[in-house]
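Chemist: I have a structure here, written as structure tokens, and I will follow up with some questions on it.
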Amino acid sequence: MFGLSNNPYLNWTEELLLKYKEKWHWEGISCYVLGRHVWDDQLLERLEKYIDWTSISWNQGIPWTEDLLDKYQDKSDWGPLSSNISINWSKKLIDKYQNLLDFGRISYNLAMPWPD
Numbered sequence: 422m423f424g425l426s427n428n429p430y431l432n433w434t435e436e437l438l439l440k441y442k443e444k445w446h447w448e449g450i451s452c453y454v455l456g457r458h459v460w461d462d463q464l465l466e467r468l469e470k471y472i473d474w475t476s477i478s479w480n481q482g483i484p485w486t487e488d489l490l491d492k493y494q495d496k497s498d499w500g501p502l503s504s505n506i507s508i509n510w511s512k513k514l515i516d517k518y519q520n521l522l523d524f525g526r527i528s529y530n531l532a533m534p535w536p537d
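In my numbering, the protein residues as written are 422 to 537.
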């Protein structure tokens, strides 16, 4: 179900995701559907074993908070997260995750709060 897994016109619900969980192309779901079409604070926890963590790390529709980054620190792909412009990067976050971040990618992140 590769094509369907990227289709923004489906009526995406958690029930739909769970009903066909063994059939979805989770790379597409993780990158394009979660956060944009289906979201609540516990969704990642309920779908954790299906999520493609590299793809979801690119996802700009996810409300990436410090708590969420902490919770999935070991599962997330910090290369794509370093490029993700939807994260509210701060000096505090950069210092906290400095050993995980890809500073090459951060240097191109337009959302990075560079000092004047």
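Cβ atoms here follow ideal geometry from the backbone N, Cα and C, with glycine treated the same way. Predicted model, so just to flag it, every value in this text is computed and none were measured.
1) Let me confirm a value: L465 is counted as buried when at least 16 other C-beta atoms fall within 10 Å, else exposed. Which label applies?
2) From N427, W447 and V459, pick the residue whose C-alpha is nearest to that of T434; which is it?
3) Got a sec: does the ligand GDP put a non-hydrogen atom nearer than 7 Å to the Cβ of S511?
4) Sorted by chain position, which residues of the same chain lie with C-beta nearer than 8 Å to F524's C-beta, five sequence neighbours on each side aside?
5) Throw me the rounded Cβ distance for the I477 and C452 pair, which I believe falls under 8 Å.
6) Run the CB neighbour count on L468, radius 10 Å, all protein chains shown included, and call it buried at 16 or more, exposed below.
7) Sort out for me which residues DSSP pairs V459 with in a bridge.
8) Going straight from the alpha carbon of I506 to that of N530, what length do you get?
Modeler: On the basis of the coordinates in this document:
1) Classification of L465: buried, given that the 10 Å Cβ count is 16 or more.
2) For T434, the nearest C-alpha among the options comes from V459.
3) The ligand GDP is absent from the structure shown, which contains no ligand whatsoever.
4) Excluding the 5 residues flanking it on each side, F524 has same chain C-beta neighbours closer than 8 Å at S503, in chain order.
5) Confirmed, Cβ separation roughly 7 Å.
6) Around the Cβ of L468, a 10 Å sphere holds 16 or more other Cβ atoms; the residue is buried.
7) L455, per the DSSP bridge assignment.
8) Cα to Cα, the separation comes out at about 6 Å.
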